[in-house]
Structure formats: structure tokens, C-alpha cells
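Down below is the structure, laid out as C-alpha cells.
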Amino acid sequence: MKFIVSSSALLKQLQSINGVVTNNPVVPILENFLFEIEPGKLTITASDLETSMITELPIEAQEAGRIAAPARILLDTLKNLPDQPVTFTLDEETYNIEISSANGRYKLAGENAADFPRVPVVKGSAPVEIPSSSLARAINKTIFAVSTDELRPAMTGILVQLGEAQVTFVATDGHRLLRYRRQDVGAGQTANLIIPRKAFNLLKSSLPSEAAPVRVEFNQSNAFFSFNQMRLVCRLIDERYPDYENVIPV
Numbered sequence: 003m004k005f006i007v008s009s010s011a012l013l014k015q016l017q018s019i020n021g022v023v024t025n026n027p028v029v030p031i032l033e034n035f036l037f038e039i040e041p042g043k044l045t046i047t048a049s050d051l052e053t054s055m056i057t058e059l060p061i062e063a064q065e066a067g068r069i070a071a072p073a074r075i076l077l078d079t080l081k082n083l084p085d086q087p088v089t090f091t092l093d094e095e096t097y098n099i100e101i102s103s104a105n106g107r108y109k110l111a112g113e114n115a116a117d118f119p120r121v122p123v124v125k126g127s128a129p130v131e132i133p134s135s136s137l138a139r140a141i142n143k144t145i146f147a148v149s150t151d152e153l154r155p156a157m158t159g160i161l162v163q164l165g166e167a168q169v170t171f172v173a174t175d176g177h178r179l180l181r182y183r184r185q186d187v188g189a190g191q192t193a194n195l196i197i198p199r200k201a202f203n204l205l206k207s208s209l210p211s212e213a214a215p216v217r218v219e220f221n222q223s224n225a226f227f228s229f230n231q232m233r234l235v236c237r238l239i240d241e242r243y244p245d246y247e248n249v250i251p252v
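Residue numbering for the sequence shown follows my numbering, beginning at 3 and increasing consecutively.
What follows is the structure, given as C-alpha cells:
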């Protein structure tokens, strides 16, 4: 099967989610991007099992298909191309990928998309909307105080306390404690979520500069953030957060 896409548009979207990809992952296929093609749209997923990012962009395609494409090699290939339409030809039997451009042809060895781990989905959650500027400010105000001590896993994330009429963000490394509260944002419900540092770092670098709403959903295991054509899914830290209110009065 084939699809045509702008080289610069594809590179931009890949770079926006590449921070998820780790070197020498436990599951080797996670060194790849998952490409899911359908007529008119390409959905790309990057994952490290704990955090996944999904983005979409328009393409020219007549067929549907799936393949896993090597992240580092694909990025290096696209970086060397000027902005132009490129044609991807995918062999879903051998998993070979051929990229045709005005500069030449490039062949990459892909992998079976069926081996790529499935990204969790949220069901039955009441969504919360937070302005991107408010969320970015909350992350910037707290993330530097997050602990790196893996022996205290709860403190390696940011506590997000959703309230009926406010949202509170808390971070501590045992020596300093930061609390940032937004009373102009209400969740309409109450919940405590501990979001890992990596997920919030990735989210911070991806949030749009314009005042766009970020849709937040969650269940017992995962948090889901979506805005524009981007989605981030992360596994919650399942630990009890320190009782910070004994240090900072409510």
C-alpha cells in the first residue's frame, strides 16, 4: 500500500512525540513509531509502555494499513530532505518501507504492527477541560521540585487534586514543597491523581501556545490528555502521596 505526505509536516509530528521513545526499551518494537493509515489520515503512536503519545496528520491514501517504522532511522532520513511530498510504499508481508522523494529512494526495515502494545482507552470518565496556558503554568511552577528518588515513587510525580471549583498541583522532593492552585478552573468532581514527571515534561513541550482547551480524562490506572491533533496517555503512579497539608495549611 502507499500514501503521500509532506516531508516537513511528517517530521514535525514525529519530533513532537519522539520524546517518548527510549533507547534499548524492554520491548524492542518500542524503538518504532506505529503507523496506522486510513484514507486521508495517518495516526502515529510512540510508547514506552508507561506513557504513549498519539498524533494525526492528513495524507493522500486510498487504502488502510498498519506498520511499525524505525523511529531513529526515519527521523534521520526526513531531516535530510527539503520540504516536499514523499511517497511511502509499505509491504505488509515483509514489513519493508520504501520512501520515494525528488532526492532519491530510501529503504527501511519495519516491523509487524500487531506486535506494538495497545494503548489504553478511557471509558465512562467525566472529562475536565483546563486551558493549555493554565496547565503549562502549573507544570512549570511545580515540576522542578519533583523527586528523582525511585525509593519514594509517589514523590516522582506531581499530585493533581481535582476539586469541584479548583485544581491543585503539588510536588515535593522531601526538601522543598510546591503547591500551585488554580481557582479559575473547576473539575466538577473530586479526585487525586499522581502524574509521572516524564508524562508532564512531554506534555509541557507539546502544549499549544495559543489558549486551547486541554481535555483531561482518567480512570483508576491511567490519565488521558488531548488537544488539537495530539493525545497523551500515561499510567498513574499508584502510591499514597505524602500528607503535604501538615506542612502547608489548606
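Every residue, glycine too, gets a C-beta built ideally from N, C-alpha and C.
Quick caveat: nothing in here was measured; it's all calculated off a predicted structure.
Separation of residue j from residue i, as counted between CA atoms
i      : j      : result
ASP117 : PRO30  : 10 Å
ALA156 : GLN86  : 47 Å
ILE160 : ARG120 : 25 Å
ARG178 : ASN26  : 33 Å
LEU164 : ARG154 : 23 Å
ALA11  : ILE61  : 10 Å
ASP262 : ILE69  : Here the chain has residues from 3 to 252 only, and residue 262 is not among them.
LYS81  : ASN20  : 14 Å
ALA173 : ASP245 : 12 Å
ILE141 : SER149 : 14 Å
GLY190 : SER134 : 18 Å
Distance cut-off 7 Å: residue i Cβ against heavy atoms of the ligand NAD
i      : result
LYS125 : Of the ligands one can find in the structure shown there are none, so the ligand NAD has no counterpart to examine.
Terminal residues of the beta strand (DSSP E) in which residue i lies
i      : result
LEU180 : 179-184
LYS109 : 106-111
ASN203 : Not the beta strand (DSSP E): ASN203 falls in the alpha helix (DSSP H), residues 199-208.
Contacting residues, own chain, Cβ-Cβ under 6 Å from residue i (five flanking each side not counted)
i     : result
LYS14 : none
VAL88 : SER9, ILE101, SER103
VAL7  : ILE61
GLU65 : MET3
Nonlocal neighbours in the same chain, by C-beta distance under 7 Å from residue i, ignoring five residues either side
i     : result
LEU83 : SER9, SER103, ASN105
ALA71 : ASN34, PHE35, PHE37, ILE99, LEU110, GLY112
Residue burial classification, residue i (beta-carbon count within 10 angstroms, cutoff 16)
i      : result
SER208 : buried
PHE2   : Outside the displayed range of the chain (3 to 252) lies residue 2, so it cannot be described from this structure.
LEU44  : buried
Boundaries of the alpha helix (DSSP H) in which residue i is found, first to last residue
i     : result
THR91 : Note, THR91: premise wrong, no alpha helix (DSSP H); beta strand (DSSP E) at 87-92.
Integer-rounded CB distance, given that residue j should sit under 8 Å from residue i
i      : j      : result
LEU180 : ALA147 : 4 Å
ILE1   : MET3   : Absent from the model: residue 1. The displayed extent of the chain is 3 to 252, so no value can be given.
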